[in-house]
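S.K.: Quick one: the structure is below, questions incoming.
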Amino acid sequence: MGFAEYLSSLDPQALLQRLPGYAAQGVLWGVMALGVYITFRLLDLADLTVDGTFATGGACTVMLILAGWPAWAALTAAVAAGLLAGLVTGLLHTRLGIPAILAGILTQFALYSVNLRIMGMTANKSVSVDQYPLLLSSRQIPRAALIGVLLAAALTALLCWYFGTEQGSALRATGSNPAMSRAQGVNIDAMKVLGLMLSNGAVALSGGLTAQYQGFADVNMGRGAIVIGLAAVVIGEVLCAALFRRGAPFAVRLLFVAAGGVAYYLVVGLVLWLRLNTNDLKLFTAVIVALFLAVPQLQARRKSSFRAADRKEAQPRA
Amino acid sequence: MLELCDVYKTFHPGTVNEKKALCGLNLRLGPGEFVTVIGGNGAGKSTLLNAVAGVWPVDAGRVRIGGRDVTGLPEYRRAAFIGRVFQDPMLGTAPDMQIGENLALAARRGQKRGLRRGLTRAERGEYRDRLAALGLGLEDRMTVRAGLLSGGQRQALTLLMAALRKPELLLLDEHTAALDPRTAAVVLALTDRLIAENGLTALMITHNLRDAIAHGTRLIMMQEGRIILDLAGEEKRRLTADDLLRRFSAAAGEPFDSDRALLADD
């Protein structure tokens, strides 16, 4: 097939039709990105628990809805499960001295079994929007997007308020300078545990929403979630920095992080529409995240590096 | 105000790096005493301050602050009674937070941090006045991130944070050592002023003998984890650097390690 033929086979109409769906899915992942932001940016911890927690949130939500719970109650329980997962990682890290990244991997690994148990030892459980009162579904994309936006906005507002409180300030200080925080009487271990709990609570909420949207929970649904969360965070931050050159207020930065999820899914939608091999999607995502994470380092190197210094010496002085 | 009774601390016990840092140290500070601490490398000066601050548990002995036994309290709980300034200007403030937010964090030292506002409007006014009193122009930069300040500005801010809610004890660990001489003099003058204004009890480590003599009401010299010289009152006031070196040699039985002890006039 020639390139012209390939181009003419692409249907712009189809892209436009599908974009709202991707946007809706993106908002739900934006909720997850807010959670990742708490640990990755505010606490300066890379928490890999979230891959497991995302599926835990989905599994809890679907199983409880199947058991006759209303969707909001099921989601609340999912958040509670997420808080618990964060607590486990936090205690492994602070009480047992396991490096945060390894503590997260351990909890994530264990959650695979836990998630299977939650789902009654099956890898996949579906919940039909025809039979159960789901909060949102891919059948009604505008409604799903609206609920996603409302929840993401509410979570942003909640986080904004919280990080302005005494406790939230102590949590931010812990991530910014642990030695100073201890000297100012902050129990930094407690703050780390709290931050990990909040983060995983948000991630479980995102998992619960996503499971309803797609109509099933799968034990593998969280695989690579941390990378997508990070992608949303870094894309959101780059967009925010580009639009607010003098730095944006905290609330705006959080909104951009949530919007980063949408941006990511729109790009995914574009990739799928271009009929690139979907198997390459993870490679593509990893490259994007690596590139965006490298931006500060690359910028710094452009200003000052050994190679540049070397080159300067070789030039004749003016 | 501060009482250390027979305090021992050994680092890396049972290894080739074993270091007996504090060997039965005894020290009592009355209210309002401002003690300068000098001594050679590895004499145990910083270890003394860290033992008081609770950076790690001591091996033996008791630590009391204001009559309370704090030997079993971790660092963050002792912080309720202690204000601290470190040698590294980076260590004293949260670089990602605003100047006002840093002060607000310090104002809540020792209090339960709940869901009330982390920085109230009334506080902003108070901090503005306090910053203005520093004379560094920081009062107009309350919303600037602390990470954008110079080393001297950060040490001044950290000092203000340490003294903000009158601590029972102020610990200064060579807090001017990383600054250029002029900035160091400004920060030292500020230190004197804050201690005098608030009637603080303070322990200040310095590697500059002239500073140790010129500041404070009492001077102690450490060697090998013990206090080998303790001068106060008239004796301290009349002390000269040459005196001090002589007294050291007599007490320690060896000349003072002057590699690091600066006698420079600036």
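Protein chains in written order, with the working numbering: chain A, 15 to 332; chain B, 66 to 331.
C-beta atoms are modelled at their ideal positions from N, C-alpha and C, and glycine is treated no differently.
This one's a predicted model, so the numbers in the text were calculated from it and none came from an experiment.
Would you mind sorting MET162(B) into buried or exposed? The rule is 16 or more other CB atoms within 10 Å of its CB.
M.R.: It is buried - the Cβ of MET162(B) has at least 16 other Cβ atoms within 10 Å.
S.K.: By the 10 Å Cβ neighbour count, where 16 or more other Cβ atoms means buried, how is ASP324(A) classified, buried or exposed?
M.R.: ASP324(A) is exposed by the Cβ-count criterion.
S.K.: Hey, quick one: how far does the alpha helix (DSSP H) through ARG157(A) stretch, first residue to last?
M.R.: Counting along the chain, the alpha helix (DSSP H) containing ARG157(A) begins and ends at 155–176.
S.K.: Going by DSSP in three states, ALA108(B) sits in which element: helix, strand or coil?
M.R.: Residue state, collapsed to three classes: coil.
S.K.: Which residues, taken in chain order from the segment 197–226 of chain A, show a beta carbon closer than 8 Å to some beta carbon of chain B?
M.R.: Residues ALA197, GLN198, GLY199, VAL200, ASN201 and ILE202.
S.K.: By the criterion of Cβ-Cβ separation under 8 Å, what are the contact partners of SER183(A) in chain B?
M.R.: In chain order: MET162, GLU166, ALA169, LEU170, ARG178, GLY183 and LEU184.
S.K.: Here's the rule I'm using: 16 or more other beta-carbon atoms within 10 Å means buried, otherwise exposed. How should PHE17(A) be labelled?
M.R.: Flag for PHE17(A) reads exposed.
S.K.: Comparing C-alpha positions only, which one of ALA171(A), ALA204(A), LYS296(A) and ALA322(A) sits nearest to ARG109(A)?
M.R.: Ranking ALA171(A), ALA204(A), LYS296(A) and ALA322(A) by Cα distance to ARG109(A) puts ALA204(A) first.
S.K.: Give me whichever residues DSSP pairs with LEU307(A) in a beta bridge.
M.R.: In DSSP, LEU307(A) forms no bridge with anything.
S.K.: If we define contact as Cβ-Cβ less than 8 Å, is GLU180(A) a contact residue for chain B?
M.R.: Taking Cβ atoms only, chain B reaches closer than 8 Å to GLU180(A), which makes this a yes.
S.K.: When you compare only the Cα positions, how much space is there between GLN122(A) and SER190(A)?
M.R.: Taking the straight line from one Cα to the other gives about 26 Å.
S.K.: If we ignore side chains and look at the alpha-carbon of each, how far apart do VAL241(A) and ALA171(B) end up?
M.R.: The alpha-carbon atoms of VAL241(A) and ALA171(B) are separated by roughly 36 Å.
S.K.: Relative to the alpha-carbon of ALA211(B), which residue among GLY165(B), ILE285(B) and ARG195(B) has its alpha-carbon at the smallest distance?
M.R.: Selected option, being the one with the closest Cα: GLY165(B).
S.K.: Let's see if you can read the secondary structure: which residues bound the beta strand (DSSP E) around ASP5(A)?
M.R.: Past the boundaries of the shown model lies residue 5(A); chain A is included only from 15 to 332, so the question cannot be answered.
S.K.: Counting only the same chain and skipping the five closest in sequence on each side, list residues whose C-beta sits under 6 Å from that of MET287(B).
M.R.: Counting only Cβ-Cβ distances below 6 Å, and skipping sequence neighbours, we find GLY104, ALA108, GLY109 and LYS110.
S.K.: Output, in chain order, the set of chain A residues within a Cβ distance shorter than 7 Å of ARG173(B).
M.R.: Near ARG173(B) (Cβ distances below 7 Å), the residues of chain A are GLU180.
S.K.: Are any of the Cβ atoms in chain A nearer than 8 Å to that of LEU113(B)?
M.R.: Not an interface residue.
S.K.: In chain A, which residues lie less than 8 Å from GLU140(B) when you measure between Cβ atoms?
M.R.: Those within 8 Å of GLU140(B) in chain A are ARG196 and ALA197.
S.K.: Look at GLY100(A) and GLY215(A) and say whether their C-beta atoms are less than 8 Å apart.
M.R.: In contact: GLY100(A) and GLY215(A) (Cβ atoms closer than 8 Å).
S.K.: So ASN129(A) and PHE230(A) are supposed to be a Cβ contact under 8 Å. How far apart are they, rounded?
M.R.: No, ASN129(A) and PHE230(A) are not in contact; Cβ-Cβ is about 13 Å, not under 8 Å.
S.K.: Taking 8 Å as the limit between beta carbons, can you name the residues of its chain near ARG325(B), skipping five residues before and five after?
M.R.: For ARG325(B), the pLDDT reaches just 48, beneath the cut-off of 50, and the residue's location in the model is therefore unreliable, although a value from the coordinates is still provided. Cβ neighbours of ARG325(B) beyond the five flanking positions: GLY105, ASN106 and HIS272.
S.K.: With DSSP collapsed to three states, give me the class of ASP294(A).
M.R.: Helix, per DSSP.
S.K.: From which residue to which residue does the alpha helix (DSSP H) around LYS301(B) run?
M.R.: Segment 298–302, the alpha helix (DSSP H) holding LYS301(B).
S.K.: Could you name each continuous alpha helix (DSSP H) segment of 4 residues or more that falls completely within the segment 260–313 of chain B, going from the start of the chain to the end?
M.R.: Qualifying alpha helix (DSSP H) stretches, in chain order: 274–279 and 298–302.
S.K.: Helix, strand or coil: which one does DSSP assign to VAL81(B)?
M.R.: DSSP places VAL81(B) in coil when its eight states are reduced to three.
S.K.: In angstroms, rounded to a whole number, what distance separates the CA positions of SER213(A) and LEU42(A)?
M.R.: Distance between the alpha carbons of SER213(A) and LEU42(A) is about 15 Å.
S.K.: Hey, does THR241(B) have any beta-carbon neighbour from chain A nearer than 8 Å?
M.R.: No, no contact with chain A.
S.K.: Among ARG153(A), GLY118(A), LEU30(A) and ALA47(A), whose alpha-carbon lies nearest the alpha-carbon of SER220(A)?
M.R.: Cα-wise, what sits closest to SER220(A) is ALA47(A).
S.K.: Would ASN291(A) pass as an interface residue toward chain B - the criterion being a Cβ-Cβ separation below 8 Å?
M.R.: False, the Cβ-Cβ gap to chain B never drops below 8 Å.
S.K.: Using only CA atoms, which one of ARG131(A), PRO26(A) and GLY199(A) lies nearest to MET77(A)?
M.R.: Nearest C-alpha to MET77(A): ARG131(A).
S.K.: Tell me where the beta strand (DSSP E) around ASP238(B) begins and ends.
M.R.: Element bounds for ASP238(B): 234–238.
S.K.: Report the residues of the segment 239–271 of chain B with a CB closer than 8 Å to any CB of chain A, ordered along the chain.
M.R.: Against chain A - using a Cβ distance shorter than 8 Å - the segment 239–271 of chain B contributes no residues.
S.K.: Specify, as a first and last residue, the run of the alpha helix (DSSP H) that TYR146(A) falls within.
M.R.: That residue, TYR146(A), is in no alpha helix (DSSP H); it is neither H nor E in DSSP.
S.K.: Less than 8 Å between the beta carbons of LEU237(B) and MET269(B), yes or no?
M.R.: Yes, the Cβ-Cβ distance between LEU237(B) and MET269(B) is below 8 Å.
S.K.: Going along chain B in order, which residues have a C-beta closer than 9 Å to the C-beta of ALA255(A)?
M.R.: In chain order: nothing, as chain B lies at least about 15 Å away.
S.K.: Measure the beta-carbon distance from THR241(B) to ALA254(B) and round it to whole angstroms, keeping in mind my assumption that it falls under 8 Å.
M.R.: Actually they are not in contact, since the Cβ atoms of THR241(B) and ALA254(B) sit about 10 Å apart, beyond 8 Å.
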